[in-house]
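A quick write-up on the structure given underneath.
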Amino acid sequence: MALDQSFTGRAYPPTSTYEVSREKIREFADALGDTNPLYRDTEAAKAAGYPDVIAPPTFLTIINLASINAIVSDPELGLDYSRMVHGDQRFTYTRPVHAGDVLSLTTYIDNIMTRAGNDFINLRAEISGADGGLIATTYAQLVVRGEGA
């Protein structure tokens with residue numbers, strides 16, 4: 001079943017916030033095997049001009065994934081999760097995420113298209129701080145393999 005093209009342009013407003021902690025940043029850096037002191041040492045981060053330890057660039061996957069899952073599990077969209085693969089992911093930042101940030105995200109379906117029998121859905125999430133200022137934008141492309149693929 002093809003994805004419902006009418007979902008293009010839909011926005012999914014924030015449903016909660018996520019408070020970034022030093023511990024979560026450290027756990028994420030540990031999972032990556034990244035020993036960068038900016039992710040672990042408050043004094044090193046402050047010496048580099050940050051208010052606290054900063055998060056690795058892909059840290060936002062933690063909150064972005066929940067948003068993506070809410071969209072792809074919507075039965076009206078028509079996405080067969082068992083046929084889905086992750087096609088692309090990228091991040092653009094206005095500033096690094098740091099401990100103490102309280103983040104919220106609004107997710108958008110930018111485009112749904114079909115190529116060679118496969119459906120492609122392009123998602124964008126705008127991640128803001130407590131002051132409403134944009135911190136980062138994430139982009140994801142999901143591919144739903146067609147029946148014959």
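First residue of the sequence shown? That's 1 in UniProt numbering, and the numbers climb one at a time after it.
Glycine included, every Cβ here is placed at the ideal spot set by N, Cα and C.
Can you name the start and end residues of the alpha helix (DSSP H) that residue i belongs to?
i, result
"Phe7", "Where Phe7 is concerned, there is no enclosing alpha helix (DSSP H), given that its DSSP letter is neither H nor E."
Can you name, in chain order, every residue of its own chain whose Cβ lies under 6 angstroms from the Cβ of residue i, other than the five neighbours on each side?
i, result
"Ala116", "none"
"Tyr12", "Thr107"
"Arg90", "Tyr139"
"Arg22", "Val53 and Ala99"
Within 10 angstroms of its Cβ, does residue i collect 16 or more other Cβ (buried), or is it exposed?
i, result
"His86", "exposed"
"Ala31", "exposed"
"Thr138", "buried"
"Leu65", "exposed"
"Ser82", "exposed"
"Ala125", "buried"
"Val20", "buried"
"Asp101", "buried"
"Gly9", "exposed"
For residue i, which residues from the same chain have a beta carbon less than 8 angstroms from its beta carbon, with the 5 sequence-adjacent residues on both sides left out?
i, result
"Thr94", "Gly133, Leu134, Ile135 and Ala136"
"Tyr50", "Leu38, Pro96 and His98"
"Asp88", "Tyr139, Ala140 and Gln141"
"Ile112", "Leu3, Asp4, Gln5, Phe7, Thr8, Asp119, Phe120, Ile121 and Asn122"
Going by DSSP, name the residue or residues bridged to residue i.
i, result
"Val20", "Looking at the DSSP assignment, Val20 forms no beta bridge with any residue, so it has no partner."
"Val97", "Answer by DSSP bridge pairing: none, since Val97 is not bridged."
"Leu142", "His86 and Ile121"
"Thr137", "Thr92 and Glu126"
Identify, in the order they occur along the chain, each residue of the same chain with its Cβ nearer than 7 angstroms to the Cβ of residue i, setting aside the five sequence neighbours on each side.
i, result
"Arg40", "Arg26, Ala29 and Val53"
"Ala44", "Pro37 and Leu38"
"Leu79", "Leu3, Val72 and Val144"
Next item on the list: Tell me the start and end of each unbroken beta strand (DSSP E) in the segment 36-93 that is at least 3 residues and wholly inside, in chain order.
Entry: The qualifying runs are 84-93.
Notebook entry, point to check: If you scan the segment 101-135 from start to end, which runs of the beta strand (DSSP E) of 3 or more residues do you find wholly inside it?
Noted result: 102-115 and 118-128
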